[in-house]
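Okay, structure first, notes after.
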Amino acid sequence: MNGFVPAGQSMIKDLACHIFVGFKDKRGYGFKYDKRIKKMKLAHRLVYELKHDCFLKKNEVIMHLCDTPSCVNPQHLRLGSQAENLKDCRDKKRHMYGDRHTKSKISLKKALLIRKIYQSGALNQSEIGILVDLNQSTVRQILMGETWKETP
Ligand SMILES: [Zn+2]
Numbered sequence: 000m001n002g003f004v005p006a007g008q009s010m011i012k013d014l015a016c017h018i019f020v021g022f023k024d025k026r027g028y029g030f031k032y033d034k035r036i037k038k039m040k041l042a043h044r045l046v047y048e049l050k051h052d053c054f055l056k057k058n059e060v061i062m063h064l065c066d067t068p069s070c071v072n073p074q075h076l077r078l079g080s081q082a083e084n085l086k087d088c089r090d091k092k093r094h095m096y097g098d099r100h101t102k103s104k105i106s107l108k109k110a111l112l113i114r115k116i117y118q119s120g121a122l123n124q125s126e127i128g129i130l131v132d133l134n135q136s137t138v139r140q141i142l143m144g145e146t147w148k149e150t151p
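Residues in the sequence shown are numbered from 0 upward in steps of one, following numbering that gives the first Met the number 0.
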């Protein structure tokens with residue numbers, strides 16, 4: 000298994016997070032040896048590089064759609080710039096603020112995950128529903144902003 004094990008039970012295997020087992024830093028980022036350059040590097044970056052057969056530049060950030068630093072499922076990884084990553088963090092903080100002021104049963108994290116996956120174009124609404132255990136109409140509501148507004 001190359002040191003990767005899938006975490007959690009999911010109907011669709013590849014939709015589950017693949018939690019890296021091995022050396023991890025305090026933030027939970029795994030490290031893996033890159034045979035091509037004989038150096039250790041962040042596991043999720045290496046996974047992305049190998050999948051796309053490329054080398055990432057320093058300013059290219061790999062973002063986790065699932066917000067799990069130790070996840071190395073290539074389907075959960077997306078290329079973004081440093082600026083985008085910072086903006087993403089800010090957006091999340093703003094959303095967290097909103098979280099306290101709503102009675103929605105869907106967690107903020109789940110709503111964000113649904114939107115990100117949908118925006119990435121990897122899955123359609125009903126597939127996302129299966130992934131997050133919600134029916135398609137709920138997923139659609141979240142995507143339409145009916146359940147989760149952008150601003151608190
Ligand atoms: Zn993941």
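Don't be surprised by glycine CBs; every beta carbon is placed ideally from N, CA and C.
Same chain only: Cβ atoms within 6 Å of residue i, ignoring 5 sequence neighbours per side
{"i": "Gln135", "result": "Gln124, Ser125 and Gly128"}
{"i": "Leu142", "result": "Tyr117"}
Contact check, residue i vs residue j, beta carbons under 8 Å
{"i": "Cys53", "j": "Cys16", "result": "no"}
{"i": "Val60", "j": "His43", "result": "no"}
{"i": "Phe19", "j": "Ser69", "result": "yes"}
{"i": "Ile116", "j": "Leu122", "result": "yes"}
{"i": "Asp24", "j": "Met62", "result": "no"}
Delimiting residues of the alpha helix (DSSP H) encompassing residue i
{"i": "Tyr47", "result": "Ala42 to His51"}
{"i": "Val138", "result": "Gln135 to Met143"}
{"i": "Leu130", "result": "Gln124 to Val131"}
Own chain, CB closer than 8 Å to residue i, minus 5 neighbours either side, in chain order
{"i": "Leu112", "result": "Leu64, Cys65, Asp66 and Val131"}
Residue i - partner residues in DSSP beta bridges
{"i": "Leu78", "result": "Ile61"}
{"i": "Gly29", "result": "Lys23"}
{"i": "Lys108", "result": "Lys108 pairs with nothing; no bridge assigned."}
Euclidean distance between Cα positions of residue i and residue j
{"i": "Leu45", "j": "Gln118", "result": "23 Å"}
{"i": "Leu55", "j": "Phe22", "result": "21 Å"}
{"i": "Lys40", "j": "Leu78", "result": "16 Å"}
{"i": "Gly120", "j": "Arg139", "result": "14 Å"}
Contacts around residue i, its chain only, beta-carbon distance under 7 Å, and the 5 residues preceding and following it disregarded
{"i": "Pro73", "result": "Val46, Tyr47 and Lys50"}
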